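Shown next, in C-alpha cells, is the structure this report addresses.
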Amino acid sequence: MEEILKTEFIEAEKCDYLIELMEDSTQNQYIQITQVFPDKYEQPSQSMKLHYFELEKLTTTLMNFQNFISKKSRNKLPKIRLYPKDLISHKDEIIKNYLKGLSIKNLALIHNCKEKLINQILSENGHEVVDNDIKFYHRKKISKSRK
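Quick note: to get this note's numbering, add 85 to the position in the sequence shown (first position is 1).
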C-alpha cells in the first residue's frame, strides 16, 4: 500500500502539477509528479515516478537548462528604459498634461527632471513631441520723425 508523505501543487498557465512524496509498502520513498490538464485540452493526466537517487541528477539537469535558457533569452529581451521612480508613477499624468497644452519645459519644472526625459516618455508612448511654447510678437511703434 502506498502512503502520501507530502504534497505540493503547482499551478501553471496551461496545466497544473501535483508533486507527491510517496512511500510504498517496502518503506521505499519516491516522488510522483502528475501533470493535470484542464478539461478544455481534453488530455488525460500524465504521471511519472522518480526514486530519490534520480532526484539529484534531475535537479542538476533542470538547473543547467534554466541557466542556459535565461542566458539565451536575456539577449532577446527588449531593452527597458529606467526612469526615476517618481516619473513612472506620474507617467499618465505627464502625458495628460502635455496633451492639455503644457510645454515640455513646464512639465520638466513640475516633475523636477530634465526635458530630455519628458521627451523620452512622450515619444515612447506614441506622442509626437512638438514645441508648445506660445511666442508673442509685439509690433514696434513707429513714430514719424518731424522735419
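Glycine included, each C-beta is placed from N, C-alpha and C at the ideal position.
For clarity, every value in this text was computed on a predicted model and none was experimentally measured.
- Listed in chain order, the non-local C-beta contacts of Ile104 below 6 Å within the same chain comprise Glu93, Ile118, local neighbours out to five positions each way being set aside.
- Between Val214 and Ile180, the C-beta gap is not smaller than 8 Å, which leaves the two residues out of contact.
- Setting aside the 5 residues that flank it on each side, Leu184 is surrounded in the same chain by His212, each with a C-beta closer than 8 Å to its C-beta; the list follows chain order.
- For Lys99, there is no enclosing beta strand (DSSP E), since its DSSP letter is neither H nor E.
- Within the same chain, and ignoring the five residues on either side of Glu98 in sequence, no residue has its Cβ closer than 8 Å to its Cβ.
- Shown here, Thr144 sits in a helix according to DSSP, grouped into three states.
- In this structure, Leu106 places its C-beta atom within 8 Å of the C-beta atom of Ile116.
- In its chain, beyond the 5 residues on either side, Gln120, Val121, Phe122, Pro123, Tyr126 have a beta carbon closer than 8 Å to the beta carbon of Cys100.
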